[in-house]
Amino acid sequence: MEKIVLASGNAGKLKEFSQLFSGWQIAVLPQSEFLQDEAEETGLSFIENALIKARHASRASGLPALADDSGLAVDALGGAPGIYSARYAGAGASDAENNQKLLQALKDVPAEKRGASFHCALAFVRTADDPVPLVCTARWSGVILAAPAGDQGFGYDPLFYVPSEQLTSAQLPREVKNRLSHRAHAVKKFEQLWHEEMVMPEQQAHSATGTKFF
Ligand SMILES: O=P(O)(O)OP(=O)(O)OP(=O)(O)OC[C@H]1O[C@@H](n2cnc3c(O)ncnc32)[C@H](O)[C@@H]1O
Ligand SMILES: [Mg+2]
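According to UniProt numbering, the residues represented by the sequence shown are 1 to 214, in order.
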């Protein structure tokens, strides 16, 4: 079975990915099996940071790697915390500290102006230096509440109200979050790309020699 490394140290994400990849014919291994240090997320976009993390994990493991860079962009804050979502309240901040800072930043913003989106970028590299990575993005729109609700999920889930379900992301049954979320939609797009780029070429032996390089 083909092995790929999942380049994330976030337990909440890893749990979601294990459900999202449950029907796949590949072994998705956590990066903790191969490396201890985390990549420095120096990019200016979710896509750049996802690529940095995927290359880092592939370099350390010698295996293909998939990374997720994600975060919350709040309309009233001009898209903040965005790519800085994990470190909004400072390096190493807890989810509770980040949520507290967000509530404080939005304390004077009325309900109708509290729109926000979760964004997810996925980057897959076959090797650390892969010049043609597979990249896809997705978003999930909602509203930031004035107080947390629900105890499932991670990160900003307790503050992220999903209008279609009338619940926060932390109150949704896991299978519902894994159907609706930014991550779920990005994985759907990735599945399509994976099929087009990794499965079909193998089946069709698309080069004249029958050898597939990239
Ligand atoms: O970089 P890795 O190791 O994957 O772990 P991380 O937690 O640092 O992940 P990111 O750099 O991608 O930062 C994403 C932050 O955005 C938030 N976030 C992303 N997806 C989320 C989701 O589905 N629900 C709630 N919060 C989410 C959460 O606070 C994350 O810490
Ligand atoms: Mg991170």
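C-beta atoms are modelled at their ideal positions from N, C-alpha and C, and glycine is treated no differently.
This one's a predicted model, so the numbers in the text were calculated from it and none came from an experiment.
Residues of the same chain with a CB within less than 6 angstroms of the CB of Met1, apart from the 5 flanking positions on each side, are Ala27 in chain order.
In this structure the region 170–186 lies against the region 119–126, because at least three pairs of beta carbons, one per stretch, are closer than 8 angstroms. Taking 8 angstroms as the cut-off, the beta carbon of Leu193 is found closer than this to the beta carbon of Leu134.
Excluding five sequence positions before and after Asp69, the CB atoms of its chain that fall closer than 6 angstroms to its own CB belong to Phe46, Asn49, Ala50, Ala121, given in chain order. Between ligand 2 and Ala86, a heavy atom-to-CB distance of less than 7 angstroms is present. Look at Phe154: its beta carbon is less than 7 angstroms from one of the heavy atoms in ligand 1. When secondary structure is reduced to three states using DSSP, Tyr161 falls in the strand class. The beta carbons of Pro158 and Gly150 sit closer together than 8 angstroms.
With a contact defined as Cβ atoms closer than 8 angstroms, Pro81 and Gly71 qualify at about 6 angstroms.
With contacts defined as CB atoms closer than 8 angstroms, Glu38 and Gly9 qualify as a contacting pair. A direct Cα-Cα distance of roughly 8 angstroms separates Ala111 from Ala146.
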